[in-house]
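Here's the structure we're looking at; comments come further down.
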């Protein structure tokens, strides 16, 4: 725990605000918590049971509670008890609550209609409803990037090497495909090899997608084609405060294992976690990592 | 071999025409060949090396030659030598020729610019270019369904049981998604479970897609949801004479193994192979199979 210093004032986090973090898996909740703590604004962490594994110790150093998804009816009560005024939803939540296991209580009954509606949606639809629910209860949602601005992908080549001319048809095809499935709230990522999209992200997530591409390398339709790219971008209707497309060092590892030449993320609308390690790995593999704005494509 | 009888006249196959079949994998080339033979129009079969395995003996009963994809430059010459005037492309071709293995000859040099252009496209783009090439050389492309009309999916519930009311959100979501990725020439199929699309077809094909869905059944984001549907439909820009979406008995087996409640194909723009067996299997598993027109969806 850091010592409490004079809180910085910030447009998004006024004096007296207290930030809660709903922490899923991965590094992002840790980075947000550390950043807040460094600014003298000790956060409260709501650890989603079963989702946080690798970074549990680090998160447990902050004021925290653990909540099972099935006790979601208690969520607002817990946050209010800890004085939370602003909320960051950070990290991957790989499960959805099982309806049969949800604990019925008064808190739940209040959110039940929204919850049932939300659970039939894709990620984006679900999150919009959840956000509305929080805001109706006086808790303001802020993005992880509002607290740690340098996690946003810049509009530039991050690595020593950039895409070759021959990679651009892959980049364009995968970017269009990823935007399109994003519009349908299905996934955020696509892989193109040899100028055509060969695989699209569904609920398996980006790691699962890259695993599949690795398995498809021997596929006859690829006819031994090399290189290829992963493109990950925000949905056109993306709620920018939650669930931004995210890559990290393990994305580079998996993309390399899948034989891809590079990874493209949408600049200013994607998160690069542990970017030093992302760049170091990509450079080691001779891969490119590129932050691209949609407007840069033809 | 059937005995040659007086050829039936047919708008698409005039007297004196001879049909060639480029035979990929699966039952379709066999059904087309048998149907032609029964009509007294003995076909010539071009067996694509490595693609035809299960039905090689049946196809070899007809006048035939085997050609490796890499000898594609000889294709038109071979067809012309056998007097082919009309051509059916039937069955799945899972490979693409390896550029490095393509045999250079005069025939190839003539088609090379088209071929190189075609190989960077999705299936649909590739086939359009191939068709143009044949037609420029005086060979007319006809659809398998022009020869065996009853393989087209009808606009009806084929099975004893139809979709439940609760299956319709899955059907709608997957239909829209399949059409959308079809427009991008990526794939023809999508799977929805619990009102949302969870997986999209890429180059792995429908069998690979269903295999993946089977593996995703335990995924936390499905939260134990049951049922779900596979929808397979034609691309909006579908060339109707080649590569129509196709299901067969093994599609039902795989969809059942993936825990799906039913399979939907686009009526009049999809092929149901061995429909007796498709229906028998689906009925045994309590699944529905539905031919649906796009206009029936809201």
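Residue numbers (this note's numbering), protein chains in the order written: chain E, 8 to 305; chain A, 8 to 305. Quick reminder that beta carbons are idealized off the backbone N, C-alpha and C, glycines included.
Item to complete: Alpha carbon to alpha carbon, how far is residue 293 of chain A from residue 149 of chain E? Give it in angstroms, no decimals.
Response: Approximately 48 Å between the Cα atoms of the pair.
Fill in: residue 221 of chain A vs residue 265 of chain A beta-carbon contact at 9 Å
Taking a C-beta distance under 9 Å as the contact criterion, residue 221 of chain A and residue 265 of chain A qualify as a contact pair.
Item to complete: Tell me where the alpha helix (DSSP H) around residue 190 of chain E begins and ends.
Response: Run containing residue 190 of chain E: 175-190, per the alpha helix (DSSP H) assignment.
Discussion item. Strictly under 9 Å for the Cβ-Cβ distance: is residue 210 of chain E near chain A by that measure?
Written reply: Yes, contact with chain A.
Discussion item. With a threshold of 8 Å, are at least 3 pairs of Cβ atoms found where one atom belongs to the stretch 203-212 of chain E and the other to the stretch 139-157 of chain E?
Written reply: With a cut-off of 8 Å, the stretch 139-157 of chain E and the stretch 203-212 of chain E do not count as touching, because too few Cβ pairs lie within range.
Worksheet item: Which first and last residues belong to the alpha helix (DSSP H) in which residue 154 of chain E is found?
Response: Run containing residue 154 of chain E: 151-154, per the alpha helix (DSSP H) assignment.
Worksheet item: For residue 53 of chain A versus residue 84 of chain A, is the C-beta spacing smaller than 9 Å?
Response: No, they are not a contact pair.
Worksheet item: For residue 65 of chain A, which three-state DSSP category applies?
Response: Taken through DSSP and simplified to helix, strand or coil, residue 65 of chain A comes out as helix.
Worksheet item: Taking DSSP as the reference, what is the three-state secondary structure of residue 58 of chain A?
Response: In this structure, residue 58 of chain A counts as coil in the three-state DSSP scheme.
Practice prompt. With DSSP as the reference, label residue 132 of chain A as helix, strand or coil.
Written response: Of the three classes helix, strand and coil, the one that applies to residue 132 of chain A here is helix, per DSSP.
Worksheet item: Are the beta-carbon atoms of residue 34 of chain E and residue 192 of chain E separated by less than 9 Å?
Response: Against a cut-off of 9 Å, the Cβ pair of residue 192 of chain E and residue 34 of chain E comes out as no contact.
Discussion item. Out of A:246, A:238 and A:180, which one is the CA nearest neighbour of residue 258 of chain A?
Written reply: That would be A:238, whose Cα lies nearest to the Cα of residue 258 of chain A.
Discussion item. Measuring straight from C-alpha to C-alpha, what distance separates residue 9 of chain E and residue 232 of chain A?
Written reply: Below a pLDDT of 50, predicted positions are generally treated as unreliable, and residue 9 of chain E, at 42, falls in that range; no measurement from the model is reported.
Practice prompt. Would you give the residue range spanned by the alpha helix (DSSP H) that residue 263 of chain A belongs to?
Written response: Note, residue 263 of chain A: alpha helix (DSSP H), 256-264.
Worksheet item: Short check: CB of residue 138 of chain A to CB of residue 304 of chain A, under 9 Å?
Response: No, Cβ-Cβ distance for residue 138 of chain A and residue 304 of chain A is not below 9 Å.
Worksheet entry | Whole-angstrom C-beta distance between residue 240 of chain E and residue 186 of chain E, which should lie under 8 Å | The pair is a contact, with the Cβ atoms about 6 Å apart (cut-off 8 Å).
Fill in: Residues within the stretch 176-187 of chain A neighbouring chain E, beta-carbon criterion of under 9 Å
Hits within the stretch, in order: 176, 180, 183, 184 and 187.
Practice prompt. Drop a sphere of 10 angstroms on the beta-carbon of residue 133 of chain E, count the other beta-carbons inside from all chains shown, and report buried for 16 or more, exposed for fewer.
Written response: Buried, because 16 or more other Cβ atoms sit within 10 Å of the Cβ of residue 133 of chain E.
Item to complete: Flag residue 203 of chain A as yes if its beta-carbon sits less than 9 Å from any beta-carbon of chain E, otherwise no.
Response: Yes - at least one Cβ of chain E is within 9 Å of the one on residue 203 of chain A.
Practice prompt. Indicate whether at least one CB of chain A lies closer than 9 Å to the CB of residue 19 of chain E.
Written response: With 9 Å as the cut-off, residue 19 of chain E does not count as an interface residue toward chain A.
Worksheet item: Where do the ends of the beta strand (DSSP E) carrying residue 306 of chain E lie?
Response: Nothing can be reported for residue 306 of chain E: it is not among the residues displayed for chain E, which extend from 8 to 305.
Fill in: Partners in chain A for residue 103 of chain E, counting only beta-carbon separations shorter than 8 Å
Chain-ordered, the chain A residues with CB closer than 8 Å to the CB of residue 103 of chain E read 227, 228, 229 and 230.
Practice prompt. May I ask you to report which of helix, strand or coil DSSP gives residue 37 of chain E?
Written response: It is helical.
Worksheet item: Out of curiosity, what's the CA-to-CA distance linking residue 334 of chain E and residue 75 of chain A?
Response: A question about residue 334 of chain E goes unanswered here, because the residues of chain E that appear run from 8 up to 305.
Item to complete: Please confirm whether residue 278 of chain E and residue 181 of chain E have their CB atoms less than 9 Å apart.
Response: The answer is no: Cβ separation not under 9 Å.
Worksheet item: residue 174 of chain E to residue 236 of chain E, Cα distance in whole Å?
Response: In this structure, the straight-line span from the alpha carbon of residue 174 of chain E to that of residue 236 of chain E is close to 8 Å.
Worksheet item: Leaving out five residues before and five after residue 37 of chain E in sequence, what residues of the same chain have Cβ atoms less than 7 Å from its Cβ?
Response: Excluding five sequence positions before and after residue 37 of chain E, the CB atoms of its chain that fall closer than 7 Å to its own CB belong to 62, 65 and 66, given in chain order.
Discussion item. Using a Cβ-Cβ distance cut-off of 9 Å, determine whether residue 4 of chain A contacts chain E.
Written reply: Missing from the structure shown is residue 4 of chain A; chain A here goes from 8 to 305 and no further.
Fill in: For residue 70 of chain E: DSSP bridge partner residues
Answer is E:51, bridged to residue 70 of chain E.
Worksheet entry | Which listed residue (E:269, E:28 and E:20) has its alpha carbon closest to that of residue 69 of chain E | In terms of CA proximity to residue 69 of chain E, E:28 leads the group E:269, E:28 and E:20.
Worksheet entry | Neighbour list for residue 54 of chain E in chain A, Cβ cutoff strictly below 8 Å | Counting only Cβ-Cβ distances below 8 Å, residue 54 of chain E has no contacts in chain A at all, with the closest Cβ about 16 Å away.
Worksheet entry | Identified DSSP bridge partners for residue 203 of chain A | DSSP lists A:200 as partners of residue 203 of chain A.
Worksheet item: Between residue 7 of chain E and residue 247 of chain E, what straight-line distance do the alpha-carbon atoms span, to the nearest angstrom?
Response: Outside the displayed range of chain E (8 to 305) lies residue 7 of chain E, so it cannot be described from this structure.
Discussion item. For residue 87 of chain A and residue 80 of chain A, what's the separation of their Cα atoms in angstroms?
Written reply: Cα to Cα, residue 87 of chain A sits roughly 13 Å from residue 80 of chain A.
Item to complete: Can you tell me which of A:98, A:189, A:276 and A:20 puts its alpha carbon nearest to the alpha carbon of residue 56 of chain A?
Response: Nearest option by C-alpha distance: A:98.
Fill in: Proximity to residue 92 of chain E [Cα-Cα], best of E:144, E:271, E:59 and E:205
Comparing C-alpha distances from residue 92 of chain E to each of E:144, E:271, E:59 and E:205 shows the shortest one belongs to E:144.
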